[in-house]
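Reading through the structure tokens given below for one structure.
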Amino acid sequence: MSALLDVDELMDRLETELRRLLIQRGIESPVLIGIRTGGVWVADILGKRLGIEGPFGKLDISFYRDDFSRIGLNPKVTPSSLPLDTEGRNIILVDDVIMSGRTIRAAMNEIFDYGRPASIILATLIDLGARELPIQPDVAGQSLVLGAQQRVKLRGPDPLRIELQEAGQ
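In full-length UniProt numbering, the protein residues as written are 1 to 169.
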């Protein structure tokens, strides 16, 4: 395992791009929702940096995965927590790493079960670009292309760090 990127630098880029996009779209009171586990850590930091008041949502998309019947239930499943109404709200959906797009699809399905948002902005710390679905982040801290045997993992929560792993580690 090796350190890959500076998390603070990626958070700076993500915050800057997200502020720009919120201003461009005229969004003043967004709702933050993080996808467990790394997305929740990133959402917590973003919320503080952006000065977003109030609680933010935490999604565990295990039951919404399209491979749930094949892989079964992860023993670490925790309930989602959306202590706010999503109906008509502008949401910032946060994940640590986007690859295929399947996790994001599952997260959006769950969000819509709580109500129909006005919009969803997708923010991710790292975009690996290996899409299986046509889902793209609106803002990303960094885009990377990894080798076939490489994986990237966010560790944390305190301190947050990004590790590059070779398959089998």
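Even for Gly, the Cβ is constructed at its ideal location relative to N, Cα and C.
Since we're looking at a predicted model, the values are computed, not measured.
- In the DSSP assignment, Glu110 falls within the alpha helix (DSSP H) that extends over 102-114.
- Rounded to whole angstroms, Ile91 and Gly26 show a C-alpha spacing of 13 Å.
- When rounded, the separation of the alpha-carbon atoms in Glu15 and Leu32 is 13 Å.
- Shown here, Glu166 sits in a strand according to DSSP, grouped into three states.
- Under the 8 Å Cβ criterion, the region 106-113 does not count as touching the region 136-144, having fewer than three qualifying pairs.
- Apart from the 5 residues on each side of it in sequence, Val7 sits with its Cβ closer than 7 Å to the Cβ of Leu160, Arg161, Ile162 in its chain, given in chain order.
- One alpha carbon belongs to Lys58, the other to Ser81, and they sit about 5 Å apart.
- In this chain, Leu14 is not harboured by any beta strand (DSSP E); it is covered by the alpha helix (DSSP H) spanning 7-25.
- Between the alpha carbons of Arg151 and Asp95 lies a gap of roughly 16 Å.
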